[in-house]
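Peer 1: One structure, as structure tokens, below. Some questions next.
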Amino acid sequence: MKKISQKTVEIADFNEYNVEVNVIISANTQFGDPHFIINGIRIDDNNLKDDGFSFTIPKADLKSDNLLFATSFNINMQVNHLQILINTCRIKFEFPQIPSKNFNFNPFKGKTTEDLTGKFIYGVYKYIKVEL
Numbered sequence: 000m001k002k003i004s005q006k007t008v009e010i011a012d013f014n015e016y017n018v019e020v021n022v023i024i025s026a027n028t029q030f031g032d033p034h035f036i037i038n039g040i041r042i043d044d045n046n047l048k049d050d051g052f053s054f055t056i057p058k059a060d061l062k063s064d065n066l067l068f069a070t071s072f073n074i075n076m077q078v079n080h081l082q083i084l085i086n087t088c089r090i091k092f093e094f095p096q097i098p099s100k101n102f103n104f105n106p107f108k109g110k111t112t113e114d115l116t117g118k119f120i121y122g123v124y125k126y127i128k129v130e131l
């Protein structure tokens with residue numbers, strides 16, 4: 000597997016060329032550190048003060064086809080808990096500077112417990128594109 004270089008952008012770097020993105024994950028299980036990958040560079044959470052996930056994304060990348068969101072979920076659980084995860088899991092993207100662009104999705108949409116039973120980790124990769 001190819002190693003992706005890691006970069007943390009400080010909150011002080013917000014300017015007219017960047018957008019703040021808050022990621023809120025609602026799930027009844029543990030999940031891996033959410034992050035973005037832009038043109039082969041990993042961007043991690045820059046909000047180290049609380050349990051939230053906040054990222055600084057260049058506006059040009061937010062509008063491009065190159066912005067990939069990634070995380071993973073622990074799905075090693077009983078079938079009834081897996082069904083709850085499938086039905087209720089949400090990943091929400093909030094843009095404080097442009098709240099009209101907020102959106103969410105269920106990473107397990109279309110999946111069944113049969114699809115996921117016996118697996119330990121479920122990787123989530125989603126390209127994000129926001130028209131500004």
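Mapping of the sequence shown onto numbering that gives the first Met the number 0: position 56 corresponds to residue 55, and the numbering continues sequentially without gaps.
Ideal Cβ positions, reconstructed from N, Cα and C, are used throughout, including at glycine.
Bear in mind the structure is a predicted one, so any value in this text is a computation, not a measurement.
1. Using the rule of at least 16 other Cβ atoms within 10 Å of the residue's Cβ for burial, across every protein chain shown, is F72 buried or exposed?
2. Put K110 into one of helix, strand or coil per three-state DSSP.
3. Taking the C-alpha atoms as reference points, what is the distance between N38 and N45?
4. Counting Cβ pairs, one atom from each stretch, are 3 or more of them under 8 Å apart for the region 48–62 and the region 71–91?
5. List the endpoints of the continuous beta strand (DSSP E) containing A69.
6. Is DSSP giving K125 helix, strand or coil here?
7. What does the alpha-carbon distance come out to for the pair C88 and S25?
8. Within a Cβ cutoff of 8 Å, which residues of the same chain sit near Q29, ignoring the five residues on either side of it in sequence?
9. Is it buried or exposed, Y121, if we count other Cβ atoms within 10 angstroms and call 16 or more buried?
10. Note down, in chain order, each residue of its chain lying with its Cβ closer than 6 Å to the Cβ of K125, except the 5 sequence neighbours on either side.
11. Classify F35: buried if its beta carbon has 16 or more other beta carbons within 10 angstroms, exposed otherwise.
12. Rounded to the nearest angstrom, what separates M76 and F102 at their Cα positions?
Peer 2: The relevant details are as follows:
1. Counting from 1 along the sequence shown, the entry for residue 72 is found at position 73. By the beta-carbon neighbour count (other beta carbons within 10 angstroms, threshold 16), F72 is buried.
2. The residue you call residue 110 lines up with position 111 of the sequence shown. Assignment of K110 by DSSP, reduced to helix, strand and coil, places it in the coil class.
3. The sequence position of residue 38 within the sequence shown is 39, counting from 1. The sequence position of residue 45 within the sequence shown is 46, counting from 1. Each residue's Cα considered, the two are about 19 Å apart.
4. no
5. Along the sequence shown, read from residue 1 onward, the residue named residue 69 stands at position 70. Here the beta strand (DSSP E) through A69 covers L66 to N73.
6. The residue you call residue 125 lines up with position 126 of the sequence shown. Strand, per DSSP.
7. Within the sequence shown, residue 88 is the residue found at index 89, counting from 1. Within the sequence shown, residue 25 is the residue found at index 26, counting from 1. About 5 Å.
8. Position 30 of the sequence shown, counting from 1, holds the residue named residue 29. These residues qualify, in order along the chain: F72 and N73.
9. If you number the sequence shown from 1, residue 121 lands on position 122. So Y121 ends up on the buried side.
10. Taking the sequence shown and counting its residues from 1, one reaches residue 125 at position 126. Excluding sequence neighbours, K125 sits near F68.
11. For this step, residue 35 is matched to residue 36 along the sequence shown. Per the 10 Å Cβ criterion, buried.
12. Within the sequence shown, residue 76 is the residue found at index 77, counting from 1. Within the sequence shown, residue 102 is the residue found at index 103, counting from 1. Near 28 Å, if we compare the C-alpha coordinates of F102 and M76.
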